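One line per chain: the protein sequences are A and B, in this order.
Each residue of the first sequence is one higher than the last, beginning at 1 in this note's numbering.
Each residue of the second sequence is one higher than the last, beginning at 1001 in this note's numbering.
A short write-up of the structure that comes next.
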Amino acid sequence: DSGVTQTPKHLITATGQRVTLRCSPRSGDLSVYWYQQSLDQGLQFLIQYYNGEERAKGNILERFSAQQFPDLHSELNLSSLELGDSALYFCASSASLGPSGEQFFGPGTRLTVL
Amino acid sequence: GNSVTQMEGPVTLSEEAFLTINCTYTATGYPSLFWYVQYPGEGLQLLLKATKADDKGSNKGFEATYRKETTSFHLEKGSVQVSDSAVYFCALSDPGGGADGLTFGKGTHLIIQP
């Protein structure tokens, strides 16, 4: 158990809909990352937040957005969903900034868009 | 941009065999290098890391050496067990990229047969 929790575990929805994925980082970790894992694209970094502020963006679509709240939990919002958005979405957290730090991954949310 | 290339497999070995999973990278700066492991139905776990050239990361009998001259970080284990069956991801974090998000390879599915 990494200490990172994600809800829901599974989500099934239809094209055009909007969903929100939730992540609670390990206690005390200020940095949160979101990743997408799909069969064709592999694991891709989407976005990073640090202590409530957006720090970096990766391959995140404009239809997707995220935020980190004062209690440090984070939400990833996916809108106007398409079939190709079906994937596993992982949240990770780390205690500090910097490229050498360990990231602790949650169990993921599996999104299926029908 | 940054990229990681690794053999995708599946790689099938017998128990007690020697394991090598090749990983090469391209980065703009001086990255930190990681191996993560994903067991079925779980999130990723850090297996080992190296933060500078010639560093050797090791954990649970697995080793990898950061080779700057060949831009490689090959994963090795002398004697694999059935419990090592999982998907292994090579990844990098590049401080020159302005973000701490990880760039992953496609993953190598390892199957160990008794």
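Glycine is no exception: its CB is placed at the ideal position from the N, C-alpha and C atoms.
Computed from a predicted model, the values in this text were never measured in an experiment.
Note that the segment 1011-1024 of chain B does not touch the segment 60-73 of chain A; fewer than 3 beta-carbon pairs, one per stretch, sit closer than 8 Å. About 12 Å separates the beta carbons of residue 94 of chain A and residue 1032 of chain B, which is beyond the 8 Å limit, so they are not a contact pair.
Ranked by Cα distance from residue 1035 of chain B, the first of B/1008, B/1050, B/1085 is B/1050. Taking a Cβ-Cβ threshold of 8 Å, none of the residues of chain A is close to residue 1001 of chain B; the smallest such distance is about 10 Å.
Chain-order list of chain B residues neighbouring residue 62 of chain A: empty, with the shortest C-beta distance near 18 Å, by a criterion of under 9 Å. With contacts defined as CB atoms closer than 7 Å, residue 46 of chain A and residue 36 of chain A qualify as a contacting pair.
Taking the Cα positions, residue 1092 of chain B is about 13 Å away from residue 1107 of chain B. Of the candidates B/1041, B/1056, B/1055, B/1062, B/1062 places its Cα closest to the Cα of residue 1047 of chain B. In this structure residue 1039 of chain B is not in contact with residue 1054 of chain B, their Cβ atoms being roughly 30 Å apart against a cut-off of 8 Å.
For residue 1073 of chain B, there are no neighbours in chain A by C-beta distance under 9 Å, as the nearest C-beta there is about 14 Å away. The C-beta of residue 1062 of chain B comes no closer than 7 Å to any C-beta of chain A. Per DSSP, residue 22 of chain A is one residue of the beta strand (DSSP E) stretching across 19-24. DSSP, reduced to helix, strand and coil, places residue 1107 of chain B outside both helices and strands of the structure shown, so it counts as coil. Secondary structure at residue 97 of chain A: coil, using DSSP grouped into helix, strand and coil. Taking the C-beta atoms as reference points, residue 1058 of chain B is found no nearer than 7 Å to residue 1024 of chain B.
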